[in-house]
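A short write-up of the structure that comes next.
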Amino acid sequence: MNMLSLLKEVRSIYRWRELLWQMVAREVKARYKQSILGYFWVILNPLAQMLVMSFAFSIIMKIPTNAAGNIPYSVFLFTALLPWNLFSGSLASASNSLINGLISKIYFPRTIMVLSTILAKIVDFIFATSILVIYMIIYRLPLSWHILWVIPIFIIQQLFTIGLSLFFAAANLLYRDIQYLLSMVLLLWMYATPIIYPADIVPDKYRILFQINPMAVIINAYRQVILGLSEPKYSSLIIALIVSIITLIAGFSYFKSREKIFADNI
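Going from the sequence shown to the working numbering is simple: count from 1 and add 149.
This is the structure:
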């Protein structure tokens with residue numbers, strides 16, 4: 150598989166875009182169909198998570214925000230927690246997308262099944278972002294032109310997410326232990342990423358782990374530009390972009406190599 154195959158798949162997905170949007174709508178509606186609070190859970194879940202973690206790590210453990218200065222810890226945390234939840238939630242949902250979805254002999258790009266779960270999580274992410282906006286208004290935190298960097302950072306994150314999602318979706322269909330392994334990996338990965346703590350407190354001897362962790366670079370970049378601290382480090386973003394593209398191509402290649410036997414493993 151090469152870049153040409155990937156571009157052909159993109160064109161194929163575009164032709165089937167109506168099916169993609171129907172699957173996204175079904176995914177979003179089904180998630181809260183028999184829930185009393187319905188779509189409010191999209192906001193309540195991350196809000197509760199943020200409040201509990203803020204109490205534990207800011208009030209009890211007194212983790213500093215360092216370079217963020219007088220930024221409230223709740224805002225400091227949420228700028229990283231939101232994109233992380235999008236990433237981890239997308240991987241968890243995508244890993245089960247082929248198992249939960251209907252795979253038939255009728256042709257359509259199977260990558261749509263993975264993409265629909267990711268897009269559904271992006272819908273949740275957009276609604277949950279309203280909490281961050283409200284907090285920034287309450288604390289009178291201004292936005293700077295650095296906020297425009299959110300767009301390329303988001304694109305890099307999604308390239309990385311899609312690549313991993315394609316891999317785990319195919320692997321989990323063949324080896325069901327993958328979903329349990331993924332849960333454990335995501336938990337460890339979260340603490341290895343500067344979400345609850347600032348990146349600048351990481352000891353020098355462990356900085357290499359930070360530099361080779363694309364999500365650490367991405368999360369730190371989000372925090373820098375949203376809080377108006379500085380521009381993201383260009384070299385780190387370029388490396389993250391390269392890693393994300395490689396991950397996308399590798400994940401897509403593995404997915405396509407297993408595609409013919411998907412229906413036999415449901």
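Ideal Cβ positions, reconstructed from N, Cα and C, are used throughout, including at glycine.
- request: Tell me whether V173 is buried or exposed, calling it buried when 16 or more other Cβ atoms sit within 10 Å of its Cβ.
  value: Around the C-beta of V173, 16 or more other C-beta atoms lie within 10 Å, and the residue is accordingly described as buried.
- request: Determine the direct distance from the alpha carbon of Q198 to that of N245, and round the result to whole angstroms.
  value: Taken atom to atom, the span from the alpha-carbon of N245 to that of Q198 is near 24 Å.
- request: Label F189 either buried or exposed according to how many other C-beta atoms from any shown protein chain fall within 10 Å of its C-beta, with 16 as the threshold for buried.
  value: exposed
message: At the 9 Å Cβ level, is S385 part of the contact set with chain B, yes or no?
response: Of the protein chains in this structure there is only one, and it is not chain B.
task: Could you tell me how far apart the beta carbons of R372 and A179 are, in whole angstroms, since I believe they sit closer than 8 Å?
output: Not confirmed; about 33 Å, so no contact.
- prompt: Ordered along the chain, which non-local residues of its own chain (more than five positions away) have a Cβ less than 8 Å from that of I162?
  reply: L169, P258, T260, I261 and L264
query: Excluding sequence positions up to five away, which residues of its chain have a Cβ less than 7 Å from the Cβ of A277?
result: V191, I192, P195 and L231
- request: Report the option in I388, Y181, L322 and P301 whose CA atom is closest to the CA atom of E408.
  value: L322
- prompt: Out of R325, I367, I296 and Y346, which has the shortest C-alpha to C-alpha gap to L235?
  reply: I367
query: How would you label Q171, buried or exposed, when you count the other beta carbons within 10 angstroms and need 16 or more for buried?
result: exposed
field: Start-end ranges of the alpha helix (DSSP H) lying completely within the stretch 358-399, minimum 4 residues
entry: 363-375
- prompt: What is the C-beta distance between V282 and V374, in whole angstroms, given that I count them as a contact (C-beta under 8 Å)?
  reply: Not confirmed; about 15 Å, so no contact.
- prompt: Beta-carbon separation of Q328 and A241 under 9 Å?
  reply: yes
- prompt: Just how far apart, CA to CA, sit Y284 and L290?
  reply: 8 Å
- prompt: In angstroms, rounded to a whole number, what distance separates the CA positions of L358 and I212?
  reply: 21 Å
message: Within a Cβ cutoff of 6 Å, which residues of the same chain sit near G377, ignoring the five residues on either side of it in sequence?
response: S293 and H295
task: Evaluate contact between the stretch 202-212 and the stretch 302-311, counting only Cβ atoms and requiring at least three cross-stretch pairs below 8 Å.
output: no
Reduced DSSP category for M210 - H, G, I as helix; E, B as strand; rest coil: Coil, per DSSP.
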